[in-house]
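Residue numbers for the sequence shown follow numbering that gives the first Met the number 0, so the first one is 0 and each next one is one higher.
Glycine is no exception: its CB is placed at the ideal position from the N, C-alpha and C atoms.
Okay, structure first, notes after.
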Amino acid sequence: MTTAAVTETEGDFVRRINVLDPEFYVDPWDAYRWLREQAPVFWDPVQRLWVISRFEDVVTVEKDGVRYSSYEGSRPHIDLREELSMINMDDPGHQAQRNLVASQFTPRAVRRHEQHVRDVVTEILDAVTPLGECEAIEAIASRLPAIMISDLLGYPRDQWERVRHWSEQIMLLSGQTSPDGPPHVTHPEIPALIKDFYEGTLEVVKARRAEPRDDLISVWANRPDWNTKKVLDEILLVLDGGAETTRTVIGTMIRDLALQPDQRALLLERPELLTSKAVEEFIRWVSPVLNMRRTATEDHELHGQHIRRGDQLLLLYPAANRDPRVFADPETLDVARTAPRHVAFGFGTHVCLGAHLARLELRVMFEELLRRMPDWELVDPTEPKVLPATFTRAYDQIRIRFTPS
0 MTTAAVTETE GDFVRRINVL DPEFYVDPWD AYRWLREQAP VFWDPVQRLW
50 VISRFEDVVT VEKDGVRYSS YEGSRPHIDL REELSMINMD DPGHQAQRNL
100 VASQFTPRAV RRHEQHVRDV VTEILDAVTP LGECEAIEAI ASRLPAIMIS
150 DLLGYPRDQW ERVRHWSEQI MLLSGQTSPD GPPHVTHPEI PALIKDFYEG
200 TLEVVKARRA EPRDDLISVW ANRPDWNTKK VLDEILLVLD GGAETTRTVI
250 GTMIRDLALQ PDQRALLLER PELLTSKAVE EFIRWVSPVL NMRRTATEDH
300 ELHGQHIRRG DQLLLLYPAA NRDPRVFADP ETLDVARTAP RHVAFGFGTH
350 VCLGAHLARL ELRVMFEELL RRMPDWELVD PTEPKVLPAT FTRAYDQIRI
400 RFTPS
């Protein structure tokens, strides 16, 4: 393999770049800058994969599903060819599977859920606002997306907390390995979590086969050409993508708006920004999904690096979304930013199916937060614990206080 030239002064950054080490993502910003500027196609000698960090290159890889395949899996060093969800498929099979439910995630279809989203947010804040203080991740950020995706999938409402647990824990551990194990061995806690998810969800699948409803599980469960494992794999994909990522954006922005009162003041003064610009800036700023894998299907060069057929490439979305070649002053949160499209939801054929739902949930949540508890502040302004993960960068707890109402 050809590796990027490294000088003595750059050694500290290179030693930090082990992109499958959760500790790398606790404070990755200096490493992201170095990668973009010095090694936009970087060979990670520890994990033996290519790291792609510039916006233009991430888009190039995402757009070319022939040269860069999703078939062997979206997570590094884990062969997911037996995992039957659409994220691990190439077109045309991927698009055919996606189209089964895509009509339920169009902007027009998602708008029909606005009152339901607002009702759920109202229920959440009704329980919190009289208290004057709460832990915002558990009490606010994690609830809305878990309840909404649980309802859309077709779980009974009383199971939403179980859905939240599956999503949080599987996303936390997804793609990780045991601390002392080889990179192709799944984290030891994952099998038990998947087993619990399969067992808990199978009852819902059986119920929807017997009596279909207007929900996603009914669509998949009643496909005559789908076996039960394929149904469960697709449910798990949508559950994970629909709950944990939005939780991460809500939680991080509760913290960051408290730390940047000028940005919160601008939203209070100009609430229309939430509809036009601010939500996109929230998503760009947080970039909740850290990375996705693609596999090269042919030998080729990118930025002078020789990529061989079968090599894995890891796309760093947060690094791309702070690329100064694309975004002016990219490391500043600007809720009035007019900017090109970010890649937090991916790009091309694999762009996030639930992107419009996430936008709706974020808009309504912050409309109501700013209306009902506009003076929230952090109990402790120091950075909270970042959960150890290689797929999402989320905080463990964020305690806030506010004027009770």
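Contacts around P329, its chain only, beta-carbon distance under 7 Å, and the 5 residues preceding and following it disregarded:
R321, D322, P323
Just to confirm the assignment, what range does the beta strand (DSSP E) spanning F281 have?
Note, F281: premise wrong, no beta strand (DSSP E); alpha helix (DSSP H) at 278 to 285.
Near A220, what residues of its chain come up, given a Cβ to Cβ distance below 6 Å and the 5 sequence neighbours on each side ignored?
Only V204, R207, R208, V230 meet the Cβ criterion.
Could you name the residues of the same chain whose beta carbon sits closer than 6 Å to that of M252, not counting the 5 residues immediately before and after it, in chain order?
F281
Closer than 8 Å by C-beta to T296: which residues in its own chain qualify, once you throw out the five before and the five after it? Chain order, please.
Residues of the same chain with a CB within less than 8 Å of the CB of T296, apart from the 5 flanking positions on each side, are V65, R66, Y67, S68, R308 in chain order.
Specify, as a first and last residue, the run of the beta strand (DSSP E) that M291 falls within.
290 to 295
Compute the beta-carbon to beta-carbon distance between R400 and E132, rounded to the nearest angstrom, for a pair I have assumed lies under 8 Å.
4 Å
Distance between I77 and V184 (C-alpha atoms, nearest Å)
Confidence in V184 is poor, its pLDDT being 49 and thus under 50, which makes the residue's placement unreliable; the coordinate value appears in the next sentence. Here the alpha carbons of I77 and V184 stand approximately 7 Å from one another.
Can you give the Cα-Cα distance for R74 and P187, rounded to whole angstroms?
16 Å
State the DSSP-derived secondary structure class of L99, mapped to helix, strand or coil.
coil
Out of K276, S84, F390, A318, which has the shortest C-alpha to C-alpha gap to R336?
K276
By DSSP, does G180 sit in helix, in strand, or in coil?
Residue confidence for G180 is low, a pLDDT of 44 falling below 50, so the modelled location carries little weight and cannot support an answer.
Would you kindly work out how many angstroms separate the C-alpha atoms of Y70 and F104, rounded to a whole number?
24 Å
Cα separation between G317 and E210?
A small correction: the amino acid at residue 317 is Pro; Gly does not occupy that position in the sequence shown. Straight-line Cα distance between these residues: approximately 43 Å.
Apart from the five residues on each side of it in sequence, which residues of its chain come closer than 6 Å, Cβ to Cβ, to M0?
Because M0 carries a pLDDT of 45, less than 50, the predicted location of this residue cannot be relied on, and no value is offered for it.
What residue range is occupied by the uninterrupted alpha helix (DSSP H) comprising R74?
No alpha helix (DSSP H) holds R74; DSSP gives it neither H nor E.
I need the DSSP call for H355, collapsed to helix, strand or coil.
Helix.
Counting only the same chain and skipping the five closest in sequence on each side, list residues whose C-beta sits under 8 Å from that of L215.
Non-local C-beta neighbours of L215 in its own chain, meaning closer than 8 Å and more than five positions away in sequence, comprise V100, Q103, L151, L152, G153, I234, V237, ordered along the chain.
Tell me whether the region 238 to 247 and the region 111 to 131 touch, counting them as touching only if at least three CB pairs, one residue from each stretch, are closer than 8 Å.
Short answer: they don't touch.
Where E113 and P373 are concerned, what is the direct C-alpha to C-alpha distance, given to the nearest angstrom?
Whole-angstrom Cα-Cα distance: 22 Å.
Tell whether a beta-carbon distance below 8 Å holds between V18 and L314.
Annotated as distal: V18 and L314, with beta-carbon spacing of 8 Å or more.
Determine the extent of the beta strand (DSSP E) in which L313 is found, giving its start and end residues.
311 to 315
Do you know offhand how far D232's Cα is from M85's?
9 Å
Could you please give the first and the last residue of the uninterrupted alpha helix (DSSP H) stretch that includes Q262?
260 to 268
Under DSSP, the beta strand (DSSP E) around V40 begins and ends at which residues?
40 to 43
Three-way DSSP call (helix, strand, coil) for E367 in this model
Looking at E367 - three-state DSSP - the assignment turns out to be helix.
Does the count of Cβ pairs from the region 355 to 370 and the region 79 to 99 closer than 8 Å reach three?
no
Proximal residues to R362 (C-beta, below 6 Å), its chain only, five neighbours per side dropped:
L273, V278
I need the straight-line Cα distance from P178 to A38, nearest angstrom please.
Confidence at P178 is low in this model, with a pLDDT of 45, below 50, so its placement is unreliable and the value that follows should be read with caution. One C-alpha to the other measures close to 27 Å.
Nearest-angstrom Cα distance between K194 and E360?
One alpha carbon belongs to K194, the other to E360, and they sit about 29 Å apart.
Under 8 Å, do R392 and E134 count as touching if we go by C-beta distance?
Cβ atoms of R392 and E134: not closer than 8 Å.
Whole-angstrom distance between L312 and L352, CA atom to CA atom
22 Å
Are the beta-carbon atoms of F390 and M88 separated by less than 8 Å?
no
Exposed or buried, D239, counting other C-beta atoms within 10 Å across all chains shown (16 or more means buried)?
buried
Can you look up S68 in the DSSP assignment and give me helix, strand or coil?
strand
Looking at C-alpha atoms only, which residue of Q259, A327, K384 is the closest neighbour of P21?
Measuring from the Cα of P21, the nearest candidate turns out to be K384.
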